[in-house]
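Residue numbers (UniProt numbering): 5 to 339. Heads up: the structure comes next, in structure tokens.
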Ligand code: ISE
């Protein structure tokens with residue numbers, strides 16, 4: 005039957021997921037919405053048939069209409085919700101970050117291991133973007149030989165208020181961390197961060213842009229230009245440099261026009277537009293897998309490994325040094 009989903013957290017991503025499950029996704033419906041803001045969840049639930057508002061995630065999970073959980077609350081709240089979902093053996097789609105640090109991510113990993121089967125798909129949605137999927141496919145086929153380097157660019161028009169240097173790593177570069185591990189199929193072993201001359205568009209205390217360098221287990225090098233106040237739009241690019249060629253995605257797609265004033269296209273204003281298809285595909289694939297009783301996509305191991313690299317990244321920002329990534333051994337469940 006139709007999967008009843010509890011959407012936990014109704015901020016920017018949570019409310020987008022409510023709309024997505026309600027309008028776009030097949031095989032699922034929003035059975036419950038949860039937020040600490042009671043008036044907000046009531047207003048959302050009032051607009052959706054058969055949807056119950058809650059302020060407590062655990063109460064929502066105990067609602068018999070709920071068969072799966074989508075976690076889109078702030079990162080520090082994820083661990084408690086994940087552990088409660090494990091207790092009820094409920095399938096979970098958890099927005100990134102899995103948890104805010106490696107230690108708590110490892111606790112979640114141990115809890116899922118104890119459960120004995122995977123229950124979580126982590127919201128690294130770039131793995132569901134059509135361009136990234138093509139690049140991954142071709143790299144896996146060896147279409148350009150063996151990959152040696154990746155050049156990434158990650159630009160946001162502006163950052164939300166209160167954005168910090170650590171958030172540049174934990175919220176933004178975390179996507180390049182996941183993409184690197186996924187495309188190259190190996191772990192990141194060290195991180196360095198360089199601070200170019202900053203833009204005057206960045207808020208006080210934020211050094212923007214930053215240049216982030218990863219080394220991987222086999223000695224590949226990956227650079228990322230992270231620029232969260234570029235001012236003009238949202239752009240994500242990835243170029244793989246391989247032994248027999250290079251391949252690049254993310255040059256803006258869409259309509260290419262010739263007009264009196266020149267040639268070209270438009271730049272997406274934000275990640276909701278640029279990655280709309282990826283978010284849709286991510287949630288649809290999660291619903292489909294869940295209804296088959298399966299789990300796919302980025303795992304708790306991927307969430308933990310990303311958290312460990314983020315921690316090294318923040319230390320690299322603070323010290324100016326090359327910081328080695330410390331990783332627990334990969335459990336059999338995730339091999
Ligand atoms: C945000 O949280 C995201 O996940 C976006 O993909 C990223 O581009 C942005 O920088 C983050 O703040």
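Backbone N, C-alpha and C fix where the C-beta goes; we use that ideal spot for every residue, glycine too. Note that this is a predicted model, so its numbers are computed, not measured.
Measure from the alpha carbon of residue i to the alpha carbon of each residue in the options, then state which is nearest.
i, options, result
"residue 337", "299, 330, 222 and 321", "299"
"residue 61", "294, 271 and 87", "87"
"residue 293", "114, 68 and 123", "123"
"residue 1", "313, 174, 8 and 49", "Within the shown structure, residues of the chain are numbered from 5 to 339, placing residue 1 beyond reach of any answer."
"residue 22", "75, 41, 5 and 69", "75"
"residue 278", "84, 78, 134 and 148", "134"
"residue 194", "53, 212 and 217", "217"
"residue 226", "114, 196 and 169", "196"
"residue 275", "145, 268 and 283", "283"
"residue 82", "335, 296, 13 and 26", "13"
"residue 65", "84, 180, 219 and 52", "84"
"residue 339", "55, 236, 305 and 108", "305"
"residue 244", "254, 236 and 238", "254"
"residue 214", "204, 264, 221 and 231", "231"
"residue 126", "201, 315, 326 and 309", "309"
"residue 53", "15, 106, 31 and 26", "26"
So is residue i buried or exposed if we call it buried at 16+ other beta carbons inside 10 Å?
i, result
"residue 177", "buried"
"residue 208", "exposed"
"residue 156", "buried"
"residue 138", "exposed"
"residue 240", "buried"
"residue 269", "exposed"
"residue 233", "buried"
"residue 317", "buried"
"residue 108", "buried"
"residue 179", "buried"
"residue 145", "exposed"
"residue 259", "exposed"
"residue 322", "exposed"
"residue 99", "buried"
Am I right that residue i and residue j are in contact with their C-beta atoms under 8 Å? What's the rounded C-beta distance?
i, j, result
"residue 329", "residue 313", "5 Å"
"residue 331", "residue 191", "6 Å"
"residue 152", "residue 242", "Their Cβ separation, rounded to whole angstroms, is 14 Å, which puts residue 152 and residue 242 out of contact at 8 Å."
"residue 167", "residue 198", "Residue 167 to residue 198, Cβ: 19 Å. No contact."
"residue 120", "residue 104", "That belief does not hold up - the Cβ atoms of residue 120 and residue 104 are roughly 26 Å apart, past 8 Å."
"residue 131", "residue 302", "6 Å"
"residue 290", "residue 97", "5 Å"
"residue 220", "residue 188", "6 Å"
Run the proximity test for residue i: is its beta-carbon closer than 8 Å to any non-hydrogen atom belonging to the ligand GDP?
i, result
"residue 15", "In terms of ligand content, the structure shown lacks the ligand GDP and carries the ligand ISE instead."
Inset, instruction - Mind the definition here: the segment 245 to 253 touches the segment 160 to 174 only if three or more C-beta pairs lie below 8 Å; say whether that holds. - result: No, the segment 245 to 253 is not in contact with the segment 160 to 174.
Inset, instruction - Measuring from each Cβ to the nearest heavy atom of the ligand ISE, keep the ones under 5 Å and list them in chain order. - result: Those residues, listed in chain order, are 160, 175, 176 and 275.
Legend entry - Inter-stretch contact (C-beta, 8 Å, three-pair minimum) for the segment 33 to 50 and the segment 96 to 115: Too few Cβ pairs lie closer than 8 Å, so no.
Legend entry - the segment 19 to 36 contacting the segment 64 to 73, beta-carbon criterion three pairs below 8 Å: yes
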